[in-house]
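In what follows, a structure is listed as structure tokens, so that the remarks can point back to it.
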Amino acid sequence: MAKQVTGQAKFQVPGGQATPAPPVGTSLGKFGVNLGQFVQAFNDRTKEYNGTPIPVIVTVYNDRSFEFITKSPPAASLLKQAAGIAKGSGVPNLDKVAKVTRAQCEDIATKKMADLNARTMDQAVRMIEGTARSMGIEVEG
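Following the UniProt record's numbering, the numbering of the sequence shown begins with 1 at its first residue and continues without gaps.
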């Protein structure tokens, strides 16, 4: 007989740095999942991201087993890394905090293409540029 899905949890955890503390513990504890097993598997799969927030979707089955899908890091965190800033602008239409090139936006769009709902690369780059503008980052070129 096929396993039945008990529930699903979505949250973001820094890559390679998951612990059984919140948000992992609070999201998965209610399903009775072995938190140590999840933390070990997640950290092994995401160790190359080292601190970048990684969205994860965990599917839990009725026998308390689980599988998880990791997504690409959020565009905002990738833009902050590319621009070398800690956070975006509080007033993005007035205060510009950094500049990125179109080539950097294309690189980020390439990394995120699987998770974006864009048909072409140009559309994906425009989405990343829009995120940059909403953070107070100017796009050059």
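Cβ coordinates follow ideal geometry from the N, Cα and C atoms, glycine included.
{"Query": "Per-residue DSSP class, three states only, for Thr19", "Result": "coil"}
{"Query": "First and last residue of the uninterrupted alpha helix (DSSP H) at Ala103", "Result": "102 to 112"}
{"Query": "Touching by the beta-carbon criterion (3+ pairs, under 8 Å), the segment 124 to 135 and the segment 98 to 109", "Result": "yes"}
{"Query": "Residues near Pro53 in its chain [Cβ-Cβ closer than 8 Å; skip 5 each side]", "Result": "Gln12, Val13, Pro14, Gly15, Pro73, Pro74, Ser77"}
{"Query": "Length of the line joining the Cα atoms of Gln17 and Asn62", "Result": "27 Å"}
{"Query": "First and last residue of the uninterrupted alpha helix (DSSP H) at Lys80", "Result": "75 to 83"}
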